[in-house]
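Asks:
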Amino acid sequence: MIYWHLFLAFFVPNIIGYGGGPAIIPLIETEVVDRYGWMSAQQFAEVLALGNALPSPIATKMAGYIGFEVAGVLGATVAVLATVVPTLLLMLGALGLLYRFRDSPRIKRMSQWVRPVIALLMAELTFGFFSEGLAGPGLVHTLLIAAVAAVALIRLRIHPAFVVLGALVYGGLFLG
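The numbering of the sequence shown is our numbering, which starts it at 1069 and goes up by one.
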């Protein structure tokens, strides 16, 4: 039964999520943390941070890691397949339809709504991580990491992977 739950936990977000990894992360979090309770919100945030620090698509890395933690190698395989295969099939079908009706005003309007919806999902995820940061490490550490990350990303234009790596090192040294 655990393999079926793993399959559903990653299949459902990938079927209903549109916009790639960042758009489906809150959906995956709902399944993994709230529905099945395989990890806490803090653990999920750590898996997400680690996944962001590594190359390749975030959803597949998270599926592999979470699947392995829950049910070993077979669990990782099931979770990764549930993430990749349906997305690939839906993408091929959707691209065929979008290409066929690319001049339709309805398709153009639909495409304009994708970015604001993703922005709202990312804002909700950010607020959730900020709340977890306040509950865990505390206000000082959370604000310090946020401020240093903002300066590094905006002013110094440091690649996000290095910023995440720096936050991981900080957390390991001062919060671990």
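Ideal placement from N, C-alpha and C gives every residue a C-beta, glycine not left out.
Inspect the beta-carbon positions of Ala1121 and Val1219 and report whether they are closer than 8 Å.
Replies: no
Asks: Give a yes or no on contact between the region 1105 to 1122 and the region 1134 to 1149, applying the rule of three or more CB pairs nearer than 8 Å.
Replies: yes
Asks: Suppose the cutoff is 6 Å on Cβ atoms and the five residues either side in sequence are ignored; what does the same chain contact list for Thr1151 look like?
Replies: Phe1078, Asn1082, Ala1127, Thr1128, Ala1131
Asks: If you follow the alpha helix (DSSP H) that Glu1114 is in, where does it begin and where does it stop?
Replies: Its alpha helix (DSSP H) spans residues 1109 to 1121.
Asks: Using the Cα positions of Arg1168 and Pro1154, report the straight-line distance between them to the nearest angstrom.
Replies: 21 Å
Asks: How would you call Phe1029, buried or exposed, if buried means at least 16 neighbouring beta carbons within 10 angstroms?
Replies: There is no way to answer for residue 1029, as the model of the chain reaches only from 1069 to 1244.
Asks: Should Leu1156 be labelled buried (16 or more other beta-carbon atoms within 10 Å of its own) or exposed?
Replies: exposed
Asks: Between the region 1089 to 1103 and the region 1181 to 1189, do three or more beta carbon pairs fall short of 8 Å?
Replies: Segments in contact, yes.
Asks: To which residues of the same chain is Tyr1238 closer than 7 Å at the C-beta, ignoring the five residues directly before and after it?
Replies: The answer, listed in chain order, is Ile1213.
Asks: Give the DSSP-derived three-state secondary structure of Asp1171 in the structure shown.
Replies: coil
Asks: Would Phe1084 be called buried (16 or more neighbouring beta carbons within 10 Å of its own) or exposed?
Replies: A small correction: the amino acid at residue 1084 is Ile; Phe does not occupy that position in the sequence shown. With a 10 Å radius around the Cβ and a threshold of 16 neighbouring Cβ atoms, Ile1084 comes out exposed.
Asks: Since Leu1074 and Ala1139 are thought to touch, with beta carbons under 8 Å apart, how far apart are those beta carbons, to the nearest angstrom?
Replies: 6 Å
Asks: Taking 8 Å as the threshold (C-beta atoms), are Ala1117 and Leu1236 in contact?
Replies: Here Leu1236 is near Ala1117, since their CB atoms are less than 8 Å apart.
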